[in-house]
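Colleague: In this note's numbering, the protein residues as written are 27 to 158.
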Amino acid sequence: MKVPDYINRSIEAENRKREEQFFETASKAGWRVLKRGDSLNPLLSPEFVVFGVAVWSHPDMKVLADLSNRITGSTVTVFQLEEAPTFDEITRFMPGIHPFTQTPIVAKYIEGELVQTLEGKAAPDWMEGKTK
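#1: Where do the N-terminal and C-terminal ends of the alpha helix (DSSP H) with residue 88 fall, by residue?
#2: Can at least three beta-carbon pairs, one atom from the segment 128–143 and one from the segment 53–60, be found at a separation below 8 Å?
#3: According to DSSP, simplified to helix, strand and coil, what is residue 145?
#4: Could you tell me which residues DSSP pairs with residue 134 in its beta bridges?
#5: Please report the distance separating the alpha-carbon of residue 49 from that of residue 28.
#6: Taking just the CA atoms, how far does residue 146 sit from residue 92?
As structure tokens, this is what we get:
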């Protein structure tokens, strides 16, 4: 069954709006944004977090917005999963991460070493201080 064109246009418009929201949120918070072809060197900062979201996901975008109100500056790097469509590309953004099945995904690095990864509901819970 073919999806009607007006539905496809509506979905595309909503995704463009969320993509703009993603960049606006990251910019206001002072976060680095990774794009396709970029790579991350975990040795560049003593401690930082990398956060990957699916812009089409309401919960992911809410967590991103909430996080931006609490953490600003260069300790956070973010990316859209659409910018890294394969696991190999994701590992360029998050070196050492394990395969994941849920979004958002978070990787924490200290002194260049991956010390924690979280996905799905565990990621926002950790960022909100609900888990260690």
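Even for Gly, the Cβ is constructed at its ideal location relative to N, Cα and C.
No experiment lies behind these values; they were computed from the predicted model shown.
Modeller: On the basis of the coordinates in this document:
#1: Note, residue 88: alpha helix (DSSP H), 84–96.
#2: Counting C-beta pairs closer than 8 Å gives fewer than three between the segment 128–143 and the segment 53–60, which falls short of the contact rule.
#3: Secondary structure of residue 145 (DSSP, three-state): strand.
#4: In DSSP, residue 134 forms a bridge with 75, 142.
#5: If you draw a straight line from the Cα of residue 49 to the Cα of residue 28, it is about 32 Å long.
#6: Answer to the nearest angstrom: the Cα atoms are 15 Å apart.
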